[in-house]
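Engineer: Sharing a structure, written as structure tokens. Questions coming.
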Ligand code: ADP
Ligand code: ZN
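In my numbering, the protein residues as written are 1243 to 1968.
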């Protein structure tokens, strides 16, 4: 089943891989197991029910509290060629009747409903005649009185749910507090419940807290470098919204206001204008945002302090759902803090205590001088696993400061000298870090006085230092062999006559540690901006014709990939992010001619190699997934080796890769591939408990070299699989 799910992912939605947890959730749902999914905004909750919906025979019901979101979702699904519809009070009687008929004819896979529509007798009678396979509750926190958005109608969902005993129940929310979570589970009486909690770290959001001095000037500066981008500016009060709105308008910005003081119609119109890219900026109170699904919001600015961390997180969460970088700037001043303090002082008892706690947590975040992701994620019960994120003002601050690297430069240079200027940057870094690799031993470089004197830095930092030294002529490089050479300038540094100062790119270091965003940064940073603009124009034109938002046609990422890879035909276009078979048919001939003309006029070619590689990577990836899946279905390692025509060791490494990606493997099945006795296996397990399972050399030595590597590899995999599943 999950294989089919992957096909749907690419064929229908045009995406290459699942995001974290999507695969597990989808597979669970397909097995008809109830699931509760907690994922931050933009995490990709929708696919968790949309893909199963396409694979189930029957209907998937989606309960959603926001009528505006329903329309948006159905429009987007329509663009993917997915048959979906909604029933709510905005439909005319004719439209309503037509949708009911379609449901009866089995012409829809997904049905979006507001809870009050679901509760109506006529709806329940209708649904009783249909086969319902999945009962999805979006924004499930609305069930809980502890949540920030309690809706009494949601309470009754538990009863209605019983109307569909054969349907699997899937509840989704972006609210993380354990109390709400428990409440959802209890209310829905979920059996065999599995709860999936994704990380709340939104890596692509750049977080900034700035001293609020002249807010209008500061915001104008901010907007100056972001022309043509969509963004939201939050203000504390309606008055402030109106004021800032007219100031920005006066300065020539494309902007509209949004707050509860405007008429319903005006609000809808302004929101619609934002979604359709008719206006770029919305200045708003907290009233704005719930019904917004726009994936390409590039910035969220807080003109005033938010009420608490939870609402701050929710508001910035509306930026960058597409995974591309988005900037979040908060203007913070002492008088704002006093204002909030004043409101809190009006309260009493428990309420006041809670409010004070919220304020403390918020202030802790605002006044933090280390990586901001630490207090932010800690608030949601998550520990940030890195020292710095490279995507917050505090982490980037260091980057702007010139640092003195003389001491490290001296270490690096003397290591080059002692190895007779015969080696490259990576090798030198390895010696400094005391690496135990064979080549170093063979060369007897582990006997050098510089061996292991640079453990305080990561390899990446040493490499970056080498780049810095090369850039500033403190080092030279042999053009043919890439070995590093000392220069006149190096001598001065080694003799202590000159100091080395510079900036190491710390953002880069963070990326190297695997924190890459979904699109490769090259696509994001190096796509052709002119072509991108042309494609955007075309997209807007097509969207206006159909009266849908531009992102429903293609997200920005798709247009960026087009203006990076320059695909020339259907086949190449199909490899682009977000292009599935229906969109290819619908829009291929709209966009391809523009790309072709551009490449012809600008003398650039399709990056066909890169596109092929992209296709191939997906294909390659499939192999180890295939192996993993078939293994879990009960095939032995030997059987698989035969089937795929490779050695067992290759199958093992496929399985390892599969496991490393967070999938489960059946450990018993792996041990079958071992020829060791149970006693010996237990011994290896004990050793792995002691020295760890990651570095086999340690285990090998711990066991006095009595078990060879090929055996160790088998047991390592079983050991890791067992730990992963426990
Ligand atoms: P949420 O409901 O959790 O806020 P969405 O379901 O709206 O998130 O997804 C956010 C964006 O990410 C959407 O534009 C969606 O199409 C995209 N997306 C979801 N899953 C994937 C995936 N596996 N690969 C690429 N893009 C994805
Ligand atoms: Zn940080």
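Glycine included, each C-beta is placed from N, C-alpha and C at the ideal position.
Might you give, ordered along the chain, the residues of its own chain that have their beta carbon closer than 8 Å to the beta carbon of residue 1883, omitting 5 neighbours on each side?
Structural biologist: The residue labelled residue 1883 in the question sits at position 641 within the chain shown. Around residue 1883: 1889, 1890, 1892 and 1893.
Engineer: Quick check on the DSSP output: the beta strand (DSSP E) that includes residue 1883 runs from which residue to which?
Structural biologist: What you label residue 1883 is simply residue 641 of the chain shown in a count that begins at 1. Careful: residue 1883 lies outside any beta strand (DSSP E), inside the alpha helix (DSSP H) at 1879–1886.
Engineer: For my contact list, residue 1297 and residue 1243 are in at a C-beta cut-off of 8 Å; report their separation, rounded to the angstrom.
Structural biologist: Indexing the chain shown from 1 puts residue 1297 at position 55. Indexing the chain shown from 1 puts residue 1243 at position 1. That pair is a contact at about 7 Å.
Engineer: If you follow the alpha helix (DSSP H) that residue 1496 is in, where does it begin and where does it stop?
Structural biologist: One-based indexing of the chain shown puts residue 1496 at position 254. Counting along the chain, residue 1496 falls outside any alpha helix (DSSP H), and DSSP gives it neither H nor E.
Engineer: Taking contact to mean 3 or more Cβ pairs, one atom from each stretch, closer than 8 Å, check whether the segment 1494–1511 and the segment 1418–1437 are in contact.
Structural biologist: no
Engineer: Mind listing, in chain order, the continuous beta strand (DSSP E) runs of no fewer than 3 residues lying wholly within the segment 1804–1832?
Structural biologist: Complete beta strand (DSSP E) runs here, min 3: none at all.
Engineer: Quick one: what's got a C-beta closer than 7 Å to residue 1564's C-beta in the same chain, skipping five residues either side?
Structural biologist: The residue you call residue 1564 lines up with position 322 of the chain shown. For residue 1564, where only same-chain residues beyond five positions count, the Cβ hits under 7 Å are 1537, 1538, 1797, 1798 and 1799.
Engineer: Using the C-alpha atoms, what's the distance from residue 1617 back to residue 1969?
Structural biologist: No answer is possible for residue 1969: the residues shown for the chain start at 1243 and end at 1968.
Engineer: Got a sec? Which residues, its chain only, sit under 6 Å from residue 1982 by beta carbon, not counting five neighbours each side?
Structural biologist: No answer is possible for residue 1982: the residues shown for the chain start at 1243 and end at 1968.
Engineer: Decide if the segment 1278–1288 is in contact with the segment 1840–1856; the criterion is three or more beta carbon pairs, one per stretch, under 8 Å apart.
Structural biologist: Too few Cβ pairs lie closer than 8 Å, so no.
Engineer: Tell me whether residue 1564 counts as near the ligand ADP, meaning its Cβ is closer than 7 Å to at least one heavy atom of that ligand.
Structural biologist: In the chain shown, counting from the first residue as 1, residue 1564 sits at position 322. Checking the Cβ of residue 1564 against the ligand ADP gives yes.
Engineer: Please confirm whether residue 1782 and residue 1519 have their CB atoms less than 8 Å apart.
Structural biologist: What you label residue 1782 is simply residue 540 of the chain shown in a count that begins at 1. What you label residue 1519 is simply residue 277 of the chain shown in a count that begins at 1. Judged by their CB atoms, residue 1782 and residue 1519 are nearer to each other than the 8 Å cut-off.
Engineer: Take residue 1811 and list the residues in its own chain whose beta-carbon comes closer than 8 Å to its own, dropping the five residues that flank it on each side.
Structural biologist: Stepping through the chain shown from its first residue, residue 1811 is reached at position 569. So the qualifying residues of the chain are 1834.
Engineer: Starting from the Cα of residue 1969, find the closest Cα among 1303, 1318, 1591 and 1312 and give me that residue.
Structural biologist: The shown model of the chain, from 1243 to 1968, leaves out residue 1969, and the question about it has no answer.
Engineer: How about residue 1965: is its Cβ closer than 7 Å to a heavy atom in the ligand ZN?
Structural biologist: By one-based count along the chain shown, residue 1965 stands at place 723. No, the Cβ of residue 1965 stays beyond 7 Å of every heavy atom of the ligand ZN.
Engineer: With three or more C-beta pairs closer than 8 Å as the rule, is the segment 1692–1712 touching the segment 1666–1676?
Structural biologist: yes
Engineer: If we require 3 or more residues per run, which beta strand (DSSP E) segments fall completely within the segment 1399–1457?
Structural biologist: 1410–1415, 1436–1439 and 1447–1453
Engineer: Thinking C-alpha only, which one of 1948, 1675, 1381 and 1590 is nearest residue 1702?
Structural biologist: Against the chain shown, residue 1702 aligns to sequence position 460. That would be 1675, whose Cα lies nearest to the Cα of residue 1702.
Engineer: Residues in the same chain with beta-carbon distance under 6 Å from residue 1840, minus the five sequence neighbours each way, listed in chain order, please.
Structural biologist: In the chain shown, counting from the first residue as 1, residue 1840 sits at position 598. Only 1773 meet the Cβ criterion.
Engineer: What do you get for residue 1957, buried or exposed, if any count of 16 or more other CB atoms within 10 angstroms of its CB means buried?
Structural biologist: Translated into the one-based positions of the chain shown, residue 1957 becomes position 715. Its Cβ being crowded by 16 or more others within 10 Å, residue 1957 is buried.
Engineer: Would you check whether the ligand ZN has a heavy atom nearer than 7 Å to the C-beta of residue 1222?
Structural biologist: Residue 1222 cannot be examined here, being either before or after the span of the chain that is shown, 1243 to 1968.
Engineer: On the criterion of 16 or more Cβ atoms from any shown chain inside 10 Å, does residue 1541 qualify as buried, or is it exposed?
Structural biologist: The count along the chain shown starts at 1 and reaches residue 1541 at position 299. Buried, by the Cβ-count rule.
Engineer: In the DSSP assignment, the alpha helix (DSSP H) including residue 1600 goes from what residue to what residue?
Structural biologist: As a working mapping, residue 1600 is identified with position 358 in the chain shown. Start and end: 1591–1608.
Engineer: Taking 7 Å as the cut-off, does the CB of residue 1636 come closer than this to any heavy atom belonging to the ligand ZN?
Structural biologist: Position 394 of the chain shown holds residue 1636. Yes, since a heavy atom of the ligand ZN falls inside the 7 Å radius drawn around the Cβ of residue 1636.
Engineer: Tell me the rounded alpha-carbon separation between residue 1602 and residue 1574.
Structural biologist: Sequence index remark: in the chain shown, residue 1602 carries index 360 (1-based). Sequence index remark: in the chain shown, residue 1574 carries index 332 (1-based). Distance between the alpha carbons of residue 1602 and residue 1574: 15 Å.
Engineer: Could you work out which residue in 1337, 1344 and 1350 is closest to residue 1324 when comparing CA atoms only?
Structural biologist: Residue numbering aside, residue 1324 sits at position 82 when the chain shown is read from its first letter. The closest CA to that of residue 1324, considering only 1337, 1344 and 1350, is found on 1350.
Engineer: With distances taken Cα to Cα, identify the nearest neighbour of residue 1767 among 1567, 1305, 1535 and 1370.
Structural biologist: The sequence position of residue 1767 within the chain shown is 525, counting from 1. Nearest C-alpha to residue 1767: 1567.
Engineer: For the beta strand (DSSP E) that contains residue 1544, what are its first and last residues?
Structural biologist: Looking up residue 1544 in the chain shown gives position 302. First-last of the beta strand (DSSP E) with residue 1544: 1539–1544.
Engineer: Give me the residue from 1789, 1922, 1588 and 1966 with the minimum Cα distance to residue 1514.
Structural biologist: For the purposes of this step, residue 1514 is identified with residue 272 of the chain shown, where counting begins at 1. Residue 1789 is the option with its Cα nearest to residue 1514.
Engineer: Between 1337, 1321 and 1322, which lies nearest to residue 1187 when the distance is taken from Cα to Cα?
Structural biologist: The requested residue 1187 is not part of the displayed model; the chain covers only 1243 to 1968.
Engineer: What would DSSP say about residue 1684, mapped onto helix, strand or coil?
Structural biologist: For the purposes of this step, residue 1684 is taken as residue 442 along the chain shown, with counting starting at 1. In this structure, residue 1684 counts as helix in the three-state DSSP scheme.
Engineer: Alpha carbon to alpha carbon, what distance is there between residue 1288 and residue 1874?
Structural biologist: Counting from 1 along the chain shown, the entry for residue 1874 is found at position 632. Counting from 1 along the chain shown, the entry for residue 1288 is found at position 46. Near 27 Å, if we compare the C-alpha coordinates of residue 1288 and residue 1874.
Engineer: Could you tell me whether the segment 1945–1959 touches the segment 1922–1930, where touching means 3 or more Cβ pairs closer than 8 Å?
Structural biologist: With a cut-off of 8 Å, the segment 1922–1930 and the segment 1945–1959 count as touching, because enough Cβ pairs lie within range.
Engineer: Does DSSP classify residue 1787 as helix, strand or coil?
Structural biologist: In the chain shown, residue 1787 corresponds to position 545, counting from 1. Three-state result, residue 1787: helix.
Engineer: Grab the span of the alpha helix (DSSP H) containing residue 1267 for me, first residue to last.
Structural biologist: Here residue 1267 is taken as the residue at index 25 of the chain shown, counted from 1. Counting along the chain, the alpha helix (DSSP H) containing residue 1267 begins and ends at 1264–1272.
Engineer: Which of helix, strand or coil does DSSP assign to residue 1528?
Structural biologist: Taking the first residue of the chain shown as position 1, residue 1528 is located at position 286. Residue state, collapsed to three classes: coil.
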